[in-house]
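*Asks:* Which chain is which? The protein sequence lines are A and B, in order.
Each step along the first sequence adds one to the number in my numbering, with nothing skipped, and position 410 is 410.
Heads up: take any position in the second sequence, counting from 1, add 1000, and you land on my numbering.
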Amino acid sequence: MVNKEANIDLLFRNGLRDLEVLPPAEAWDNILPVIRRRQRPVILLRSAAVAAILLSISFLAYKWSREFSITPVNPFSAYENAVQPVDNPLQGRAARQLPFVVNNLTEQRTGYILAENRTVPVAASEENIPQPSVTYADVPENTISSDNIGIPVLASSATGLRYKTTVMDAGFRMPAETYYDIPAEKQKRWSVYAGASPDYYMRPGLNNTEVPDQIYQSEQSRISYSGGIGFAYKINRKLSIQSGIYYASVGNEVAGINSFAGFRPFDQTKGDHNFVVVTASGRIYTDNSDVFLRDISGDRVLTRYTNDVFDPVKSDLSYLSNSLYQNFSYLEMPFILRYKLIDKSIDFNLIGGLAYNFLVSNNVHTVIDGSRYNVGKTEGLNPILVSSSMGMGIEYNISDKFSLNLEPTFRYYLNPFGDMPGVKIHPYSFGVFSGLSFKF
Amino acid sequence: MPDIINIIKGCLAGSRRDQELLYRRHAAKLYAVCLQYSGNDDEARDILQEGFIKIFENLIHYKNEGSFEGWMRRIVVNTALEKYRSKHNLYRVDDIDAIPEPDASPETDDYSGLEAGDLLMIIRDLPPKYRMVFNLYAIEGYSHKEISQMINISEGTSKSNLSRARIILQKKVSLYTGVNKKVISG
Chain A
1 MVNKEANIDL
11 LFRNGLRDLE
21 VLPPAEAWDN
31 ILPVIRRRQR
41 PVILLRSAAV
51 AAILLSISFL
61 AYKWSREFSI
71 TPVNPFSAYE
81 NAVQPVDNPL
91 QGRAARQLPF
101 VVNNLTEQRT
111 GYILAENRTV
121 PVAASEENIP
131 QPSVTYADVP
141 ENTISSDNIG
151 IPVLASSATG
161 LRYKTTVMDA
171 GFRMPAETYY
181 DIPAEKQKRW
191 SVYAGASPDY
201 YMRPGLNNTE
211 VPDQIYQSEQ
221 SRISYSGGIG
231 FAYKINRKLS
241 IQSGIYYASV
251 GNEVAGINSF
261 AGFRPFDQTK
271 GDHNFVVVTA
281 SGRIYTDNSD
291 VFLRDISGDR
301 VLTRYTNDVF
311 DPVKSDLSYL
321 SNSLYQNFSY
331 LEMPFILRYK
341 LIDKSIDFNL
351 IGGLAYNFLV
361 SNNVHTVIDG
371 SRYNVGKTEG
381 LNPILVSSSM
391 GMGIEYNISD
401 KFSLNLEPTF
411 RYYLNPFGDM
421 PGVKIHPYSF
431 GVFSGLSFKF
Chain B
1001 MPDIINIIKG
1011 CLAGSRRDQE
1021 LLYRRHAAKL
1031 YAVCLQYSGN
1041 DDEARDILQE
1051 GFIKIFENLI
1061 HYKNEGSFEG
1071 WMRRIVVNTA
1081 LEKYRSKHNL
1091 YRVDDIDAIP
1101 EPDASPETDD
1111 YSGLEAGDLL
1121 MIIRDLPPKY
1131 RMVFNLYAIE
1141 GYSHKEISQM
1151 INISEGTSKS
1161 NLSRARIILQ
1171 KKVSLYTGVN
1181 KKVISG
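Structural data, given as structure tokens:
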């Protein structure tokens, strides 16, 4: 008998092993739109992140190219009227190579660019033209040199000695190592900022038993958001530390749970917890006695009102939806280090740090005709989450005090959302923070 | 022909071509699994569609360990299970006595006349509870303990359902082979 049983098993196992049957042609047509639709949020976020980065790089490149290629404008033009012409006793080519003393003049103009009695080779020409046109000719040969300062100078094709301003033109660059010459200026070390970010939460796969996997697969994160205010302190030119307080809202959709309204007249119990729904984040306990829940594809709903006890359709309950929506709100306190990679009109920063997220509210609702219908709460959530974040910040300085920030940031949660046995989900999220900061 | 790893990478990158390639390459085999687990073609098509949607959604979790085909098959079987769980209360388990007795009861195990299509037809004729247990035990290789957890029945019920499924299958196979022999000898 045993052999016969084994034979029948083997007969079917081997006989069906390589069986192939062509599916109906419309099957693929029904699959494709669903997978395209579900991929869209990720594709949109990736596209947004790529677009933001490309836009920033393009803008940066444009700014740099402008600085290097446009016809320079005399930075001292505002002083030109105040500058006294200086007679040049020398004519001809030799005169171009003679040093020229610029006593007090530059100080008068800039207050700090050059120290007193520094010698500056000045380009000269045989013609005297009041407003000389400036070109890049001879740039490498002409450099204002002084103690610790090398200043490239543009040559003039016309007479230059009458106007010293022409020799110190837009080609002027202060080398980085000469910063110590700058008189101590009050640096803006503090800044406050405000901003917001859309966040997309993702969860890693589970290698668990069937039940948690079934729960996991029926849930999907919704696009969330965070926003708040903060402050930053600049430790030095490159490094700053920031903190603040953010409000973050995280959403989760639990699919496959049918909800009905109008259950209160049938509720014979005193307690409100008529239904418990097992989710990956914790257990949903209903606190609305008017709601009836039923799992259409599994055993996630725990209740005494099972299918054989109560039929919501026969009892004429109003159907609401086939999904539940969990909402978790957190107050977030980040501690972020920011390292400046590029310090220009557009700054690039590397950002990394930790954040403490304090759970401040959680509720579960379903939706009927666009309106929320309260269902209950999720129990078993971790009251404090710790997340690590890493990102790249792009900071555009609108003025000395104001700047715009764009920060694509990746965040990973170090502890799980909830204490569901067998399910330890450490979600991660991607968001693009944008905001405005004020330095003082 | 692109290998499966490249197709998976393409699917993960959102390539429609690779998604279709993956489907075309494996749909026929997985549809046979769906038919094996379902009583009618519409249900089999639904399982196939939902199964493939899950396959695409979970490709990112596939760790390239073990057979990719086996991984896909498990997803399809799980989808069939979910479908079964959502409907099993609606099914009525047929009485074994209602199944017609074969004309002859050959004691031989000569199944040479049976083709895969016949086996599929026979297994699909089983009552859903028996079909599910037989598929999970005899084809997929799950234990009664695992099956009892999967479809929320006791181990005893699982064993009993398997035993009844075997009896029905044995009778039907005998019927088929008996008819074939009659046709051949007649």
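All C-beta atoms, glycine included, are put in the ideal place defined by N, C-alpha and C.
Bear in mind that the values here come from a model prediction, so they are computed numbers and not experimental data.
Tell me whether tyrosine 305 of chain A sits in a helix, a strand or coil according to DSSP, three-state version.
*Replies:* For this step, residue 305 of chain A is matched to residue 305 along the first sequence. In the structure shown, tyrosine 305 of chain A sits in coil (DSSP, three-state: anything other than H, G, I, E or B).
*Asks:* Quick one, which residues of the stretch 1040-1054 of chain B are near chain A if we go by CB-CB under 7 Å, in chain order?
*Replies:* Those would be Arg1045, Leu1048, Gln1049, Phe1052, Ile1053 and Lys1054, in chain order.
*Asks:* Assess, as a yes-or-no matter, whether the stretch 347-361 of chain A is touched by the stretch 270-290 of chain A under the definition of 3 or more beta carbon pairs within less than 8 Å.
*Replies:* Contact between the stretch 270-290 of chain A and the stretch 347-361 of chain A is absent, because fewer than three Cβ pairs lie under 8 Å.
*Asks:* Count the C-beta pairs between the stretch 219-228 of chain A and the stretch 257-267 of chain A that are closer than 8 Å, then say yes if the count reaches three, no if not.
*Replies:* The answer is no - the stretch 257-267 of chain A does not touch the stretch 219-228 of chain A, with fewer than three Cβ pairs under 8 Å.
*Asks:* Check for me: the alpha helix (DSSP H) holding glycine 1128 of chain B runs from which residue to which?
*Replies:* Working through the second sequence from its first residue, we reach residue 1128 of chain B at position 128. Just to set this straight, residue 1128 of chain B is proline in the shown sequence, not glycine. Proline 1128 of chain B -> alpha helix (DSSP H) spans 1128-1134.
*Asks:* Could you work out which residues of chain B lie near glutamate 219 of chain A, taking near to mean beta carbons separated by less than 8 Å?
*Replies:* As a first step, residue 219 of chain A is located in the first sequence; it is residue number 219 there, counting from the start. The premise fails here: glutamate 219 of chain A is roughly 12 Å from chain B at the closest Cβ pair, so nothing lies under 8 Å.
*Asks:* Name, please, each residue of chain B whose Cβ falls closer than 9 Å to the Cβ of leucine 22 of chain A.
*Replies:* On the first sequence, residue 22 of chain A is found 22 positions in, with the first residue counted as 1. The contacting residues are Ala1027, Ala1028 and Tyr1031.
*Asks:* Going along the chain, which residues of its own chain have a beta-carbon closer than 6 Å to the beta-carbon of lysine 1172 of chain B, five neighbours each way excluded?
*Replies:* On the second sequence, position 172 is the one that residue 1172 of chain B refers to. Taken in chain order, the residues that qualify are Ile1122.
*Asks:* Tell me which residues share the same chain as alanine 389 of chain A and place their Cβ nearer than 8 Å to its Cβ, disregarding the 5 neighbours each side in the sequence.
*Replies:* Position 389 of the first sequence, counted from the start, is the residue given in the question as residue 389 of chain A. Per the sequence presented here, residue 389 of chain A reads as serine, with alanine not at that position. Cβ neighbours of serine 389 of chain A beyond the five flanking positions: Pro334, Ile336, Ile351, Gly352, Gly353, Leu354, Ala355, Thr409, Phe410, Arg411 and Tyr412.
*Asks:* Give me the residue from A/Asp18, A/Leu406 and A/Pro198 with the minimum Cα distance to valine 1033 of chain B.
*Replies:* As a working mapping, residue 1033 of chain B is identified with position 33 in the second sequence. When each option's Cα is compared against that of valine 1033 of chain B, the closest is A/Asp18.
*Asks:* Give me the DSSP bridge partner(s) of isoleucine 346 of chain A.
*Replies:* Mapped onto the first sequence, residue 346 of chain A falls at position 346. Looking at the DSSP assignment, isoleucine 346 of chain A forms a beta bridge with A/Tyr396.
*Asks:* Using three-state DSSP, classify proline 33 of chain A as helix, strand or coil.
*Replies:* Working through the first sequence from its first residue, we reach residue 33 of chain A at position 33. If DSSP states are grouped into helix, strand and coil, proline 33 of chain A belongs with the helices.
*Asks:* In the structure shown, what three-state DSSP assignment does proline 265 of chain A receive?
*Replies:* Taking the first residue of the first sequence as position 1, residue 265 of chain A is located at position 265. Helix, per DSSP.
*Asks:* Any beta-carbon of chain A closer than 9 Å to the one on asparagine 1152 of chain B?
*Replies:* Position 152 of the second sequence, counted from the first residue, corresponds to residue 1152 of chain B. Yes - at least one Cβ of chain A is within 9 Å of the one on asparagine 1152 of chain B.
*Asks:* In chain order, what residues of the same chain have a beta carbon less than 8 Å from the beta carbon of arginine 237 of chain A, not counting five sequence neighbours either side?
*Replies:* On the first sequence, residue 237 of chain A is found 237 positions in, with the first residue counted as 1. Hits under 8 Å: Lys340 and Asp343.
*Asks:* Go through its chain and collect everything with a Cβ distance to isoleucine 1060 of chain B's Cβ below 8 Å, but skip five positions before and after it.
*Replies:* As a working note, residue 1060 of chain B is residue 60 in the second sequence. Counting only Cβ-Cβ distances below 8 Å, and skipping sequence neighbours, we find Leu1012.
*Asks:* Determine, using beta-carbon pairs with one atom in the stretch 365-372 of chain A and one in the stretch 397-407 of chain A, whether at least three such pairs fall under 8 Å.
*Replies:* With the cut-off at 8 Å, the stretch 365-372 of chain A and the stretch 397-407 of chain A do not touch.
*Asks:* Within the same chain, show all residues whose beta-carbon is closer than 6 Å to that of valine 1076 of chain B, passing over the 5 residues directly before and after it, in chain order.
*Replies:* Along the second sequence, read from residue 1 onward, the residue named residue 1076 of chain B stands at position 76. Leu1030, Val1033 and Gly1051.
*Asks:* Using a Cβ-Cβ cut-off of 8 Å (strictly less than) and excluding sequence neighbours within five positions of phenylalanine 441 of chain A, which residues of its own chain qualify?
*Replies:* Any property of residue 441 of chain A remains undetermined from this structure, which presents chain A solely from 1 to 440.
*Asks:* Does any residue of chain A bring its CB to less than 9 Å from the CB of glutamate 984 of chain B?
*Replies:* The question about residue 984 of chain B has no answer here: the residues shown for chain B are numbered 1001 through 1186.
*Asks:* For aspartate 9 of chain A, name the three-state secondary structure that DSSP assigns.
*Replies:* Here the question's residue 9 of chain A lines up with position 9 in the first sequence. In this structure, aspartate 9 of chain A counts as helix in the three-state DSSP scheme.
*Asks:* May I ask which residues mark the beginning and end of the alpha helix (DSSP H) holding glutamate 1082 of chain B?
*Replies:* In the second sequence, residue 1082 of chain B corresponds to position 82, counting from 1. That run of the alpha helix (DSSP H) goes 1068-1087.
*Asks:* Run through DSSP, which three-state label would histidine 1061 of chain B get?
*Replies:* Position 61 of the second sequence, counted from the start, is the residue given in the question as residue 1061 of chain B. Note: histidine 1061 of chain B maps to helix in three-state DSSP.
*Asks:* For alanine 1116 of chain B and asparagine 322 of chain A, I'd like the C-alpha separation in whole angstroms.
*Replies:* The sequence position of residue 1116 of chain B within the second sequence is 116, counting from 1. The sequence position of residue 322 of chain A within the first sequence is 322, counting from 1. If I take the Cα positions, the gap works out to 39 Å.
*Asks:* Please check if any C-beta of chain B sits within less than 9 Å of the C-beta of tryptophan 190 of chain A.
*Replies:* Position 190 of the first sequence, counted from the start, is the residue given in the question as residue 190 of chain A. False, the Cβ-Cβ gap to chain B never drops below 9 Å.
*Asks:* Are the CB atoms of leucine 1035 of chain B and valine 21 of chain A within a distance shorter than 9 Å?
*Replies:* By one-based count along the first sequence, residue 21 of chain A stands at place 21. By one-based count along the second sequence, residue 1035 of chain B stands at place 35. Cβ distance < 9 Å, so valine 21 of chain A and leucine 1035 of chain B count as in contact.
*Asks:* Would you list the residues sitting across from glutamine 326 of chain A in a DSSP beta bridge?
*Replies:* If you number the first sequence from 1, residue 326 of chain A lands on position 326. According to DSSP, which records beta bridges pairwise, glutamine 326 of chain A is partnered with A/Asn252 and A/Val364.
*Asks:* Using a 10 Å radius around the Cβ and a threshold of 16 neighbouring Cβ atoms, would you call valine 360 of chain A buried or exposed?
*Replies:* In the first sequence, counting from the first residue as 1, residue 360 of chain A sits at position 360. The residue in question, valine 360 of chain A, is exposed, as its Cβ has fewer than 16 Cβ neighbours within 10 Å.
*Asks:* For the putative contact between glycine 262 of chain A and serine 318 of chain A, defined by C-beta atoms under 8 Å, what is the C-beta separation to the nearest angstrom?
*Replies:* Sequence index remark: in the first sequence, residue 262 of chain A carries index 262 (1-based). Sequence index remark: in the first sequence, residue 318 of chain A carries index 318 (1-based). Contact flag correct, Cβ pair sits at about 5 Å.
*Asks:* Give me the residue from B/Ile1007, B/Phe1056, B/Leu1162 and B/Arg1164 with the minimum Cα distance to tryptophan 28 of chain A.
*Replies:* Here residue 28 of chain A refers to the residue found at position 28 of the first sequence. Closest by alpha carbon: B/Phe1056.
*Asks:* How would you label alanine 459 of chain A, buried or exposed, when you count the other beta carbons within 10 angstroms and need 16 or more for buried?
*Replies:* Here chain A comprises residues numbered 1 to 440, so residue 459 of chain A is not present and cannot be evaluated.
*Asks:* Return the chain-ordered list of same chain residues with a C-beta closer than 7 Å to the C-beta of arginine 372 of chain A, the five sequence neighbours on each side being excluded.
*Replies:* As a first step, residue 372 of chain A is located in the first sequence; it is residue number 372 there, counting from the start. Same-chain partners within the cutoff: His365.
*Asks:* Using the C-alpha atoms, what's the distance from glutamate 407 of chain A back to tyrosine 285 of chain A?
*Replies:* In the first sequence, the residue the question calls residue 285 of chain A occupies position 285. In the first sequence, the residue the question calls residue 407 of chain A occupies position 407. Computed Cα separation, rounded: 38 Å.
*Asks:* Residues in the same chain with beta-carbon distance under 6 Å from serine 329 of chain A, minus the five sequence neighbours each way, listed in chain order, please.
*Replies:* Taking the first residue of the first sequence as 1, we reach residue 329 of chain A at position 329. If we look at serine 329 of chain A and ignore the five residues flanking it on each side, its Cβ neighbours are Ser249, Val360 and Ser361.
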